[in-house]
Amino acid sequence: MAQKIVTIYTDDLTGEESSEAATHTIALDGVTYEIDLGPDSYDKLLEAIGPFLTAGRKTGRARKPRNAVVSSQDTAAIRAWAKEQGYQVNERGRVPADIREAYQKAH
């Protein structure tokens, strides 16, 4: 007998199903949170906390989660670099992991 396992990803903010939803980790005041977000909700998160991340200080390198929160300036720089390198990258939503990795290797 064959089995088929289906995983349904749901955006925790909107409650909508999304094949592009990903888990993101956020730490604040010593408490770590995880939230599953689709690209539009992730953009909203970056817009909301981006100014605070830019004004804040890094306190060292924590263990990097699979989908670390980055500022909107970082994402914009990655998109610009990717376009210069000939990658196809959307104007909105999450930048694919392979492009982020290529950017990190280049810098």
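Offset between the sequence shown (1-based) and this note's numbering: plus 7. All C-beta atoms in this analysis are idealised placements derived from N, C-alpha and C, irrespective of residue type, glycine included.
Taking only the alpha-carbon atoms, compute the straight-line gap between residue i and residue j and give it to the nearest angstrom.
i, j, result
"E41", "E91", "33 Å"
"N74", "D81", "Any reading at N74 must be qualified, since the residue scores a pLDDT of 49, below 50, and its modelled position is unreliable; no value is offered."
"D50", "A9", "39 Å"
"L52", "H114", "25 Å"
"A83", "K11", "39 Å"
"R101", "A55", "16 Å"
"E108", "F59", "25 Å"
"D36", "G63", "13 Å"
Can you list, in chain order, the residues of its chain whose CB lies under 6 Å from that of residue i, leaving out five sequence neighbours each side?
i, result
"Y110", "I85 and W88"
Measure from the alpha carbon of residue i to the alpha carbon of each residue in the options, then state which is nearest.
i, options, result
"T14", "M8, D50, E27 and Q95", "E27"
"K65", "G45, A55, G93 and A34", "A34"
"R99", "P46, D36, A55 and T61", "P46"
Among residues of its own chain, excluding the 5 on either side of residue i, which ones have a beta-carbon nearer than 8 Å to its beta-carbon?
i, result
"T17", "E23, E24, S25, A28 and D43"
"I106", "I85, A89, Y94 and V96"
"T39", "T32 and I33"
Short of 7 Å in beta carbon distance, which residues of its chain neighbour residue i, apart from the five on each side in sequence? Order them along the chain.
i, result
"S48", "D18, L20 and T21"
"A104", "none"
(message) My parser needs the beta strand (DSSP E) runs of 3 or more residues fully inside the stretch 9-96; what are they?
(response) 29-35 and 38-44
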